[in-house]
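Quick note on numbering: the sequence shown equals residues 264 to 633 in the working numbering. All residues carry an ideal CB built from backbone N, CA and C; glycine is no exception. For reference, the structure is listed below as structure tokens.
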Amino acid sequence: MTPLSQARRVIVKIGSSLLVEENSGEVRRAWLETVADDVARLKKQGREVVIVSSGAVAVGRRQLGLVPPLRLAEKQAAAATGQIRLAHAYQEALARHGLSVAQVLLTLDDSEDRQRYLNARATLDTLLKLGAVPVINENDTVATAELRFGDNDRLAARVAQMIGADLLVLFSDIDGLYTADPRKDPTARFIPEVTEMTSQIEAMAGDPGSGYGSGGMVTKLAAARICLSAGCRMVIALGQPEHPLAAIEGGARCTWFVPSAEPHTARKQWIFGAMNPSGWVMVDEGAARALAAGRSLLPAGLREVQGSFQRGDCILIKDGAGKILGRGLSNYAADEAIALKGRKSGEFEAVLGWRGPDELIHRDDLVMEG
Numbered sequence: 264m265t266p267l268s269q270a271r272r273v274i275v276k277i278g279s280s281l282l283v284e285e286n287s288g289e290v291r292r293a294w295l296e297t298v299a300d301d302v303a304r305l306k307k308q309g310r311e312v313v314i315v316s317s318g319a320v321a322v323g324r325r326q327l328g329l330v331p332p333l334r335l336a337e338k339q340a341a342a343a344t345g346q347i348r349l350a351h352a353y354q355e356a357l358a359r360h361g362l363s364v365a366q367v368l369l370t371l372d373d374s375e376d377r378q379r380y381l382n383a384r385a386t387l388d389t390l391l392k393l394g395a396v397p398v399i400n401e402n403d404t405v406a407t408a409e410l411r412f413g414d415n416d417r418l419a420a421r422v423a424q425m426i427g428a429d430l431l432v433l434f435s436d437i438d439g440l441y442t443a444d445p446r447k448d449p450t451a452r453f454i455p456e457v458t459e460m461t462s463q464i465e466a467m468a469g470d471p472g473s474g475y476g477s478g479g480m481v482t483k484l485a486a487a488r489i490c491l492s493a494g495c496r497m498v499i500a501l502g503q504p505e506h507p508l509a510a511i512e513g514g515a516r517c518t519w520f521v522p523s524a525e526p527h528t529a530r531k532q533w534i535f536g537a538m539n540p541s542g543w544v545m546v547d548e549g550a551a552r553a554l555a556a557g558r559s560l561l562p563a564g565l566r567e568v569q570g571s572f573q574r575g576d577c578i579l580i581k582d583g584a585g586k587i588l589g590r591g592l593s594n595y596a597a598d599e600a601i602a603l604k605g606r607k608s609g610e611f612e613a614v615l616g617w618r619g620p621d622e623l624i625h626r627d628d629l630v631m632e633g
């Protein structure tokens, strides 16, 4: 029994290179139909399935005759053209099995804003209860360069976290994680299982500028970090063969990421997954020790404040060496935090003209790294 066989709610992420023919720009419908067969089989077994799919820009740019590199407006135009073709391909493939498809387009803002996060989660939960298969993509037609997930691996992890999925399947052009790029390094060793995202594991993705890194392993490990925090298993598996989900269930070689701890509360999952922190603060050694012991962050322990964050924004916490200790929701805006730096709570009213919370970040709104 593999974790896929046991999962109740599964997210399947499909990349452009698997779904779209490089030369023609057409959807690989024969391969997609085998994926639909796998999804239908899981659905008959009582499992819920969500698909996170790239490919809209790759399909649309060829329909419009656009040649890379694309400007942002051209990319958005390609996405608008390609998304409707992509949705139609999924609808046709899954309709053969009597399955309804729902298109859901998300932006980074939809996961960063708490209310929109909850709305998106409620919509996806409802669709799954009604038996539909949501097909999710980043909303490239409206997302700006500053407000993009940047890759659908992390988008898929965010969705898995959002809806409490049991398993995220990331299809790749490689059958899992290796100590180095196996296509370049014959001594690279295969890693069958990961239970903790250590610096050694993250280093295996290679230089982000290398083929192995830019080809997706860096973003896949970023997705793994989100999944492990949420108590969700993840697998990196080879996607090119037909019936790739059935291959995983049949024991095909792949790398499993297995959470070793209980997931955070829903609120802390949201905080941990925030991909666009609005600033950061550096703390002294005393504050770092207090945070490690599970306490709140007090302004007295601040050494430096950077960014233009407002009250309620997510910010990073760093130690004196620049290492990220955690992240949380600030009770004060950046200018207020600067004014309170190094001060005790009894001084707050004299400094600000009003008395706010004792904590810059309360421990209930704080998630530590690692």
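Taken atom to atom, the span from the alpha-carbon of residue 331 to that of residue 627 is near 46 Å. For residue 622, no beta strand (DSSP E) segment is defined, and its DSSP state is neither H nor E. For residue 383, the CB contacts under 8 Å within the same chain, skipping 5 residues up- and downstream, are 367, 369, 373, 374 and 425 in chain order. Within the segment 325–413, the complete alpha helix (DSSP H) segments of 4 residues or longer fall at 335–358, 371–375 and 377–392, listed in chain order.
Counting of Cβ neighbours within 10 angstroms places residue 396 among the buried residues, the total reaching 16 or more. Residues of the same chain with a CB within less than 7 Å of the CB of residue 458, apart from the 5 flanking positions on each side, are 521 and 523 in chain order. Contact between residue 304 and residue 271 does not hold, since their C-beta atoms are separated by about 15 Å, which reaches or exceeds 8 Å. Taking a C-beta distance under 8 Å as the contact criterion, residue 419 and residue 430 do not qualify as a contact pair. Put simply, the backbone Cα of residue 534 is about 11 Å away from that of residue 493. The shortest C-alpha to C-alpha distance from residue 464 to any of 445, 487, 447 and 623 is the one to 487. Taking a 10 Å sphere around the C-beta of residue 448, we find fewer than 16 other C-beta atoms and assign the residue as exposed. If you draw a straight line from the Cα of residue 439 to the Cα of residue 469, it is about 14 Å long. Residue 496 is bridged by DSSP to 430. One Cα belongs to residue 347, the other to residue 562, and the distance between them is close to 51 Å. Here residue 264 is exposed: its Cβ has fewer than 16 other Cβ atoms, across all protein chains shown, within 10 Å.
Contact annotation: residue 575 and residue 546 have beta-carbon atoms that are not nearer than 8 Å. Here residue 306 carries a helix assignment [DSSP, helix/strand/coil].
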